[in-house]
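To get my numbering, take the position in the sequence shown, counting from 1, and add 38. For glycine and all other residues, C-beta sits at the position ideal for the given N, C-alpha and C. Below is one structure, written out as structure tokens, with a few remarks after it.
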Amino acid sequence: MGEFSIFHWLVVLAIVLIFFGGRRIPEVMKGLGEGIRSFKDGMSGTSQASSQTASSQVATPGGLTAKSGAGQVALTWSASFGATTYNVKRSGTSGGPYARIASTAATSYTDEGLASGTTFYYAVSSSNSSGESENSVEVSATTA
39 MGEFSIFHWL
49 VVLAIVLIFF
59 GGRRIPEVMK
69 GLGEGIRSFK
79 DGMSGTSQAS
89 SQTASSQVAT
99 PGGLTAKSGA
109 GQVALTWSAS
119 FGATTYNVKR
129 SGTSGGPYAR
139 IASTAATSYT
149 DEGLASGTTF
159 YYAVSSSNSS
169 GESENSVEVS
179 ATTA
């Protein structure tokens with residue numbers, strides 16, 4: 039009773055084929071292998087995802103400036119290494135929360151149609167296929 043015979047293994051194989059089908063077995067085994075690998079990495083304190091993120095993370099935009107005008111604010115910033123798009127964010131209060139108002143590939147943006155005499159706070163983040171950076175340093179501008 040302590041060992042499986044060949045008959046027992048054939049029954050187990052038949053059940054697996056019935057539940058998963060012959061074409062899904064490699065897919066199931068791949069998932070099982072990834073799960074075991076992930077568990078081992080978690081137990082050892084390392085992670086493949088965190089090492090990939092660190093090497094492909096997009097840089098935070100720098101040099102954000104704001105120039106106010108009549109009902110508008112013109113923003114410019116420095117390009118970030120690895121960035122494909124920039125998310126322009128605005129808030130009515132210092133420190134946020136920010137709402138994304140635009141996404142652009144350029145390193146400048148003009149926020150138009152704003153109320154006169156109002157102060158707005160801006161931040162920009164960069165993004166690419168690996169994710170989004172932290173927000174830039176906040177700048178403010180009061181419309182004329």
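Supposed contact pair residue j and residue i - C-beta distance, whole angstroms, cut 8 Å
i	j	result
T123	A143	6 Å
S146	T98	Not confirmed; about 17 Å, so no contact.
S183	G130	Residue 183 falls outside the range modelled here, since the chain spans only 39 to 182, and no answer is possible.
G169	Q95	7 Å
K105	A179	7 Å
Among the options, nearest to residue i - alpha-carbon criterion
i	options	result
N125	T131, A137, G133	A137
N173	G133, L152, G69	G133
V162	T148, D79, G71	T148
T103	V49, G120, Y159, S154	Y159
A182	A108, G130, S129	A108
For residue i: DSSP bridge partner residues
i	result
G107	Q110
G169	N166
F158	A179
Residue i, buried or exposed, once every other Cβ within 10 Å from all chains shown has been counted against 16
i	result
K127	buried
L70	exposed
V49	exposed
H46	exposed
V175	exposed
A3	One cannot answer for residue 3 here, as it falls past the ends of the chain, which runs 39 to 182.
S171	buried
S118	buried
Limits of the unbroken beta strand (DSSP E) element including residue i
i	result
A140	137 to 142
E150	146 to 150
V126	123 to 129
Neighbour flag for residue i against chain D, beta carbons, 8 Å
i	result
T145	Protein chain content of the structure displayed is limited to a single chain, and chain D is not contained in it.
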